[in-house]
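>
Residue numbers (my numbering): 517 to 850.
1) Taking only runs that begin and end inside the segment 734–759, name each unbroken beta strand (DSSP E) of 3 or more residues, in chain order.
2) If I measure Cβ to Cβ from residue 625 and keep anything under 8 Å in the same chain, skipping five residues before and after, which residues do I get?
3) Would you call the segment 676–684 and the segment 531–541 in contact, with 3 or more CB pairs under 8 Å?
4) How many Å lie between residue 849 and residue 805 at the Cα?
5) Keeping to the same chain, check which residues put their C-beta closer than 7 Å to that of residue 793; ignore five residues upstream and five downstream.
6) Tell me, please, whether the CB atom of residue 618 is closer than 9 Å to any CB atom in chain B?
7) At which residue ranges does the segment 756–808 contain complete alpha helix (DSSP H) runs of 4 or more residues, listed in the order of the chain?
8) Counting only runs that start and end within the segment 658–687, where is the beta strand (DSSP E) found for 3 or more residues in a row?
9) Let me know the secondary structure DSSP gives residue 824 once reduced to three states.
10) Please classify residue 620 as buried or exposed, where buried requires at least 16 neighbouring CB atoms within 10 angstroms.
11) Here's the rule I'm using: 16 or more other beta-carbon atoms within 10 Å means buried, otherwise exposed. How should residue 657 be labelled?
12) Who pairs with residue 631 in a beta bridge, going by DSSP?
13) If you draw a straight line from the alpha carbon of residue 725 to that of residue 735, how long is it in whole angstroms?
Structure, rendered in structure tokens:
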């Protein structure tokens, strides 16, 4: 029995299935969770999604009411873990990625755990592991799970729409080098299942708020520093600056890609002061400019070679100084 058939068998044998994903929800973690939920429900089984925190507002069109979050409803999340006889671990590869409040619940759960993920260096904690770093997204792997199952014909617009969103967002609208021929084959499966890709693009791209656009304009014009010698752009936003522009979760997500679009830029780094720490987003171009090592070695993070995240508990000024000191080491003049 191949791994996907084994996973299907586990789903059909379970009574209370729990779907989890990483802290700081994004399009892939939300999309893969909802797509899998709708598939499981179509199989006639019960499933619950529990995430550490709320998804960004730009994903509201996916109907986020299916997701219970630890930061808002901890009692329900605790109950879901206690009752689960099968836990899916989507879009993360180490238990601490679900946050300090959910990690003990995950690690103490004795039921079967299934990890489906595409990040580097997976931790060995799951009963069944699908770890494919060549995949564009976890959502892509969920499509393959469904397509290769005995019930692949069940894939429809409801299942496919969040999975398309997951692939779209995690590939930067198909611009990253993680996109392979296989990715477009998976997209074709979703379109054949009834997914309206044009509606998804409209819902994602035509929902800007005035405050978000003003924040982006301020960040690009006033808060971006370009280290020309290293082809690195750094944007830093303090708590006060975010509050001035009525920051909402997801408002800064596009800044790294905007900075990276500047001619000649190889790396973009965005620092934002939130939740008492400096959160950091890394993006880069090309095989010679990987950012995951910098994130993992110095900023308690990691991710993909060209897209990673991290954090720092120093002040903004101290974090900036630390980052600038490390840039020549990781992105030397070429």
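Where is the CB? At the ideal position from N, CA and C, for every residue including glycine. Just so you know, these numbers come straight off a predicted model, no measurement behind them.
The structure says:
1) 740–743, 748–753
2) Numbered from 1 along the chain shown, position 109 holds the residue referred to as residue 625. These residues qualify, in order along the chain: 597, 600, 603.
3) no
4) Translated into positions along the chain shown, residue 849 becomes position 333. Translated into positions along the chain shown, residue 805 becomes position 289. Those two C-alpha atoms are separated by around 11 Å.
5) In the chain shown, counting from the first residue as 1, residue 793 sits at position 277. Cβ within range, chain order: 827, 828, 829.
6) No chain B appears in this structure, which consists of one protein chain only.
7) 771–776
8) none
9) Within the chain shown, residue 824 is the residue found at index 308, counting from 1. Strand at residue 824.
10) Position 104 of the chain shown, counted from the start, is the residue given in the question as residue 620. Classification of residue 620: exposed, given that the 10 Å Cβ count is below 16.
11) Numbered from 1 along the chain shown, position 141 holds the residue referred to as residue 657. So residue 657 counts as buried.
12) Residue numbering aside, residue 631 sits at position 115 when the chain shown is read from its first letter. Paired residue(s): 605, 645.
13) Mapped onto the chain shown, residue 725 falls at position 209. Mapped onto the chain shown, residue 735 falls at position 219. When rounded, the distance between both Cα atoms is 15 Å.
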